[in-house]
Amino acid sequence: MSKNHWHYPRTEFTDRTFKLLVNGPVSALRMFGPRRTGKTWFLTNDLAPRFEMYGHRVVYANFWQIVSSPLAVMLYACDQALRKQTFAERLLQRVQPKVELSGLGAKLELDLTSEAEGTTPPDQLLWLDQYLDRLADPKKPTLLMFDEFQEIALASGSDALMAALRTGLDTRQDALVAVFTGSSEAGLTALFSAENAPFFRY
30 MSKNHWHYPR
40 TEFTDRTFKL
50 LVNGPVSALR
60 MFGPRRTGKT
70 WFLTNDLAPR
80 FEMYGHRVVY
90 ANFWQIVSSP
100 LAVMLYACDQ
110 ALRKQTFAER
120 LLQRVQPKVE
130 LSGLGAKLEL
140 DLTSEAEGTT
150 PPDQLLWLDQ
160 YLDRLADPKK
170 PTLLMFDEFQ
180 EIALASGSDA
190 LMAALRTGLD
200 TRQDALVAVF
210 TGSSEAGLTA
220 LFSAENAPFF
230 RY
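Numbered according to this note's numbering, the sequence shown spans residues 30 to 231.
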């Protein structure tokens, strides 16, 4: 029996979410729920397989992975999504502490340890834009799942990262769709409601 045999599929909610993002009228959704209420399970076991079943790429980034370096988490997730493995196969992989990416005519080594420095070098923001461009698909929009998104605000240089991400999503609304989840209602709301926040009214 599957180790996830106890998982209860939320088929109706998955259907509604899929149709909202793929057929409109929205290109992004926010989901709040306290810890241990099934947000991550919904993303990884319901929504991601549904998108993949219909030929869409899926990116999953959990910002609890390295709270101090959300850009590294995002770049790693984008890089993995461009590989030939299925989403389920990627979830089973062990994350290596050091990962080398290739692009922009250069190589970049990511530190994925818990001691990674929380910096946001401008040149690495260009890497993020390049990855978003490679993932963008107007015919089959790529699903970007940002789990525990409120944690991004705790890192140094987070405003620059969020501004770059917002720009990348705004310029590819027909080719990228996103789901933002959070277990802190106040933290998640602040990222989208503060007038000076990059994701204000997104």
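Glycine is no exception: its CB is placed at the ideal position from the N, C-alpha and C atoms.
Those residues which DSSP pairs with residue i across a bridge
i: R201; result: Partner(s): none; R201 has no beta bridge.
i: T210; result: M60
i: A90; result: F175
Residue nearest to residue i in terms of C-alpha spacing, selected from the options
i: R112; options: S98, L100 and V88; result: V88
i: L220; options: V208, L205 and M191; result: M191
i: P26; options: S213, D158 and L205; result: As displayed, the chain neither begins before 30 nor continues past 231, which places residue 26 out of reach and without an answer.
i: F61; options: A215, L172 and L173; result: A215
i: V96; options: F47, H85 and A182; result: A182
Secondary structure of residue i, DSSP reduced to three states
i: T116; result: Rather than Thr, the amino acid found at residue 116 in this sequence is Phe. F116 falls in the helix class under three-state DSSP.
i: A189; result: helix
i: G67; result: coil
Whether residue i touches residue j by CB criterion (8 Å)
i: F229; j: R59; result: no
i: S56; j: Q179; result: no
i: D75; j: R119; result: no
i: D176; j: A101; result: no
i: D166; j: G197; result: no
i: L173; j: A207; result: yes
Is there contact between the segment 73-83 and the segment 99-109, where contact requires at least three CB pairs shorter than 8 Å? Taking a contact to require three or more Cβ pairs closer than 8 Å, the segment 73-83 and the segment 99-109 do not qualify as touching.
Taking contact to mean at least 3 C-beta pairs separated by less than 8 Å, is the segment 57-72 in contact with the segment 151-165? no
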